[in-house]
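Enquirer:
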Amino acid sequence: MAVALNTLVEEAERYLGSAKIPDYCPNGLQVEGRPQVSRIVSGVTASQALLDAAVDAGADLVLVHHGYFWKGENPCITGIKQRRLKTLLKHDISLLTFHLPLDVHPEVGNNVQLARQLDITVEGPLDPNNPKVVGLVGSLAEPLSVRDFARRVQEALGREPLVVEGEQMIRRVGWCTGGGQGYIDNAIAAGVDLFISGEASEQTFHSARENGISFIAAGHHATERYGVQALGDYLARRFAVEHLFIDCPNPI
Numbered sequence: 001m002a003v004a005l006n007t008l009v010e011e012a013e014r015y016l017g018s019a020k021i022p023d024y025c026p027n028g029l030q031v032e033g034r035p036q037v038s039r040i041v042s043g044v045t046a047s048q049a050l051l052d053a054a055v056d057a058g059a060d061l062v063l064v065h066h067g068y069f070w071k072g073e074n075p076c077i078t079g080i081k082q083r084r085l086k087t088l089l090k091h092d093i094s095l096l097t098f099h100l101p102l103d104v105h106p107e108v109g110n111n112v113q114l115a116r117q118l119d120i121t122v123e124g125p126l127d128p129n130n131p132k133v134v135g136l137v138g139s140l141a142e143p144l145s146v147r148d149f150a151r152r153v154q155e156a157l158g159r160e161p162l163v164v165e166g167e168q169m170i171r172r173v174g175w176c177t178g179g180g181q182g183y184i185d186n187a188i189a190a191g192v193d194l195f196i197s198g199e200a201s202e203q204t205f206h207s208a209r210e211n212g213i214s215f216i217a218a219g220h221h222a223t224e225r226y227g228v229q230a231l232g233d234y235l236a237r238r239f240a241v242e243h244l245f246i247d248c249p250n251p252i
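The numbering of the sequence shown is UniProt numbering, which starts it at 1 and goes up by one.
Here it is in structure tokens:
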């Protein structure tokens, strides 16, 4: 089975509501390839490794969370950007990218999908008074020690997390996948016992320690593997096409 590229792109944009979400990069079709799609390859980032794997897999379209053309970057098509774009254009492969729309979606979004991986019940947004804050808050079915919850994170994501351990048991959790460590103050205001993000900054340690909460940095890549898989699965079911998620390991 195959679907027209334009039809698939329009459905993805509609499903994610991407036109209504301001972002730091263009969401949607970033590189146009062949007009029909029968095989989607998804991955976290449109790196050269993912593109090479997509070529080997016979992909018509590559679906990612981290694409190209970020605000403020050098617009010149040189270096790794030239090589990546050349790979896509040479093999007539489309690149479909969704950044913030894929973080916030209530069904296939990175944050909702991470909650499912970690068995957290979603209760609502991290900061209901500020829609620009990306992240969620929720609770565990049973209280856990920080070490036990960190073990759950490691088992689910296959990566040892960085842990700032507080004294209290973990009942209420706030989280934001990827580079969301800056939202720790919003999590503190929400009254959580633990905040999870992909990355950590130097000041994150002090914010957690001095406010009496625990913090886990579980990896930018590791926390954002699940949204793009879920979106790829949705599109594959919707149009009866093939979908293959390819994980290119990244320790960050």
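Quick reminder that beta carbons are idealized off the backbone N, C-alpha and C, glycines included.
How long is the line joining the alpha carbons of Ala57 and Asp148, rounded to whole angstroms?
Expert: Locating residue 57 in the sequence shown gives position 57, where the first residue counts as 1. Locating residue 148 in the sequence shown gives position 148, where the first residue counts as 1. Looking at the two C-alpha atoms, the distance is approximately 39 Å.
Enquirer: How is Thr121 classed by DSSP in three states: helix, strand or coil?
Expert: To locate residue 121, count along the sequence shown from 1; it is residue 121. Three-state result, Thr121: strand.
Enquirer: Which two residues bound the contiguous beta strand (DSSP E) that contains Asn30?
Expert: Mapped onto the sequence shown, residue 30 falls at position 30. The sequence given here has Gln at residue 30, not Asn. 28 to 31 is the extent of the beta strand (DSSP E) around Gln30.
Enquirer: Just confirm the distance between the C-beta atoms of Ser207 and Ile170, as a whole number of angstroms; I'd bet it's less than 8 Å.
Expert: Position 207 of the sequence shown, counted from the start, is the residue given in the question as residue 207. Position 170 of the sequence shown, counted from the start, is the residue given in the question as residue 170. Not confirmed; about 17 Å, so no contact.
Enquirer: Leaving out the 5 sequence neighbours to the left and right, which residues in its chain are closer than 7 Å to Val164 when beta-carbon positions are compared?
Expert: Along the sequence shown, one-based indexing puts residue 164 at 164. Correct list, in chain order: Phe205, Ala208, Arg209, Ser214, Phe215.
Enquirer: Cα separation between Tyr68 and Gln30?
Expert: Indexing the sequence shown from 1 puts residue 68 at position 68. Indexing the sequence shown from 1 puts residue 30 at position 30. Straight-line Cα distance between these residues: approximately 8 Å.
Enquirer: Output needed for Ser145: all residues of its chain with C-beta closer than 8 Å, excluding positions within five of it in sequence on either side, in chain order.
Expert: Along the sequence shown, one-based indexing puts residue 145 at 145. Hits under 8 Å: Met169, Ile170.
Enquirer: Tell me where the alpha helix (DSSP H) around Thr87 begins and ends.
Expert: Locating residue 87 in the sequence shown gives position 87, counting from the first residue. Unbroken alpha helix (DSSP H) run through Thr87: 79 to 90.
Enquirer: Inspect the beta-carbon positions of Asn27 and Pro106 and report whether they are closer than 7 Å.
Expert: In the sequence shown, residue 27 corresponds to position 27, counting from 1. In the sequence shown, residue 106 corresponds to position 106, counting from 1. Contact flag unset, no.
Enquirer: Just reading off the beta strand (DSSP E) that Phe195 is part of, what are its end residues?
Expert: For the purposes of this step, residue 195 is identified with residue 195 of the sequence shown, where counting begins at 1. 194 to 197 is the extent of the beta strand (DSSP E) around Phe195.
Enquirer: Would you identify the three-state DSSP class for His206, choosing helix, strand or coil?
Expert: Along the sequence shown, one-based indexing puts residue 206 at 206. Annotated three-state conformation of His206 is helix, per DSSP.
Enquirer: Taking 8 Å as the threshold, find out whether the region 3 to 16 comes into contact with the region 225 to 236 through three or more Cβ pairs.
Expert: yes
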